[in-house]
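Participant:
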Amino acid sequence: MTSFSPGFHGRAHPLTDRLPPGQYPTESFPVLSTGPTPQVPTETWSFTITTESGDSRSWTWGQMMDLPQQETVTDIHCVTRWSKFDTRWRGVSLDAFLEEVETSAEYAVVHSHGGYTTNLPLEDLLDNKAWIAHTYDGYPLSPEHGGPARLLVPHLYLWKSAKWVHGLQLTHDDEPGFWESVGYHNYGDPWREQRNWGD
Ligand SMILES: Nc1nc2c(c(=O)[nH]1)N[C@H]1C(S)=C(S)[C@@H](COP(=O)(O)O)O[C@H]1N2
Ligand SMILES: [Mo]
């Protein structure tokens, strides 16, 4: 007797192959915010990268829009266990910002309007793995989902994708952000199910 389990022989079930352990797929797009939704007009919007030596470089909305724009279609995974396939975003790769910055830092703390922070290794923001996203599914990103612009780092749990992003602080030492300092995993790889410290 031979039994075949789905997915055992190659990629016959691509959708389940795309679902990290402990996640379920959803069509909806839940909103998860720790506080009120900040209203950030594009007229006053800016994005600032501050290096470990204290140098900083800022972009206005118009300057950000003059950088190369990319469309990305990607799956996103929230630590509360929903995953959403094929989300379509438009924005600017972090590579485009970081190539204008001189740094030897290894870590970044992402800062948002409203005070939210999250940390990640700088290399997770490089090589076309992360974007400042301003458009979702063809429309300007709505305020509740982080508009006018949020970080998008789809290879990590979605708490790393800071909404209403306004800057990066580059550091030599890793500094836990908002959720990371209250027990969420420091790195947050959905494929290794890194939900909490110790996972
Ligand atoms: N500024 C800010 N960014 C944030 C959050 C937040 O509370 N504030 N929540 C995070 C969490 S826990 C998740 S799951 C996602 C949710 O994004 P969504 O509301 O667009 O689904 O945003 C992340 N980015
Ligand atoms: Mo979350």
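Using the working numbering, read the sequence shown as starting at 1 and increasing by one per residue.
Glycine included, C-beta positions come from ideal geometry on N, C-alpha and C.
1) If you reduce the DSSP assignment to three classes, tell me which class R192 lands in.
2) How would you write the range of the alpha helix (DSSP H) that F85 sits in, first residue to last?
3) Using the Cβ count rule (16 or more neighbours within 10 Å means buried), how would you classify L120?
4) Can you check which of these residues, Y116, E144, L168, is closest to G177 by C-alpha distance?
5) Let me confirm a value: V53 is counted as buried when at least 16 other C-beta atoms fall within 10 Å, else exposed. Which label applies?
6) Reducing DSSP to helix, strand and coil, say where V79 ends up.
7) Pull up the CB-CB distance for L125 and L94, whole angstroms please, since I reckon it's below 8 Å.
8) Tell me whether S83, by its Cβ, gets closer than 8 Å to a heavy atom of ligand 1.
9) How many Å lie between V40 and P148 at the Cα?
Facilitator: Per the coordinate set shown:
1) Under the three-state reduction of DSSP, R192 is assigned to helix.
2) For F85, no alpha helix (DSSP H) encloses it; the enclosing beta strand (DSSP E) starts and ends at 82 to 93.
3) By the neighbour-count rule (16 or more Cβ atoms within 10 Å), L120 is buried.
4) Measuring from the Cα of G177, the nearest candidate turns out to be Y116.
5) Checking the sequence, you will find Ser at residue 53 rather than Val. Per the 10 Å Cβ criterion, exposed.
6) In this structure, V79 counts as coil in the three-state DSSP scheme.
7) With a Cβ gap of about 4 Å, L125 and L94 count as contacting.
8) Distance from the C-beta of S83 to the nearest heavy atom of ligand 1 is not below 8 Å.
9) So the two alpha carbons sit approximately 7 Å from each other.
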